[in-house]
Amino acid sequence: MIPTDWTFFLIVTIISGSVQQPTFFKNSFKGLNGVTLRNHAYDRNEITAVYYYDQTVAVVDLGANNELHNCNLIEVYEQDEASEILRNLSSTTVPQLVSFQQMTKLMQQCELLDKIQHDATGISNVVSKGSHVGSVLSLLSGILPGTKWCGAGDIAENYHDLGRETQIDRCCRSHDLCPVKIRAQQTRYNLTNYSVYTK
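The sequence shown lines up with residues -20 to -1, 1 to 179 when you count with mature numbering (1 follows the signal peptide of the UniProt record, and there is no 0).
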């Protein structure tokens, strides 16, 4: 007779194996998923701008006084990913290369805007029914339960997609979207990251 704990573990393992492979085997490239390029023909006081530095592309909507209205940050770890994104975005605007300092400052502003917008929607971190199974599936795929950005890769659909542990998830998202990083067991910038996590 198999104990019920083992039965639950086997069922969850079988389900998770058929539903989703661990994130560390997946490419986390999202492309322009969730990014809507607005048609500003009707709103002449707003423009879309694209800024990039190394592994991060920012697509932002700016108001008449250069205020930030909307922001999407996209990770482009591989050069072909960056080329694809910038080529697609260049049909509507001219992408601008910025410095590391400018990109990190823009990322901080995007983070603040996202928090303000998220808080304004009144979304609460209520634990839903079935979240235990979701947490186990999340953990089996290498992601910390309650998050979408914390762990081996991420399971977020786009920049704005956060788990119910929003504060922790924001921190992990910022780390994941850092413009200069070396993934686990990878070499870049003449350095090798022998760790099991991104540095």
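A virtual CB, placed ideally from N, CA and C, is assigned to each residue, including glycine. Computed from a predicted model, the values in this text were never measured in an experiment.
Nearest to Ile96 by C-alpha distance, out of Gly126, Thr28 and His49, is His49. A Cβ-Cβ distance of about 5 angstroms is found for the pair Tyr33 and Pro159, placing them in contact under the 8 angstroms criterion. Listed as beta-bridge partners of Tyr32 by DSSP are Val37 and Leu77. Thr84 sits in a helix when the DSSP states are folded into three classes.
By the criterion of a C-beta distance shorter than 6 angstroms, Gly143 is surrounded in its chain by Gly126, Thr127, Lys128 and Asp149, once the five residues flanking it on both sides are discounted. Contact between Thr72 and Thr36 does not hold, since their C-beta atoms are separated by about 19 angstroms, which reaches or exceeds 8 angstroms. The beta-bridge partner set that DSSP reports for Arg168 consists of Leu171. As DSSP reads the structure, Cys152 sits in no beta bridge.
For Leu53, the enclosing beta strand (DSSP E) covers residues Leu48 to Glu55.
Here Ile162 carries a coil assignment [DSSP, helix/strand/coil]. The beta-bridge partner set that DSSP reports for Gly131 consists of Ile123.
Within the DSSP secondary-structure output, Leu66 pairs in no beta bridge.
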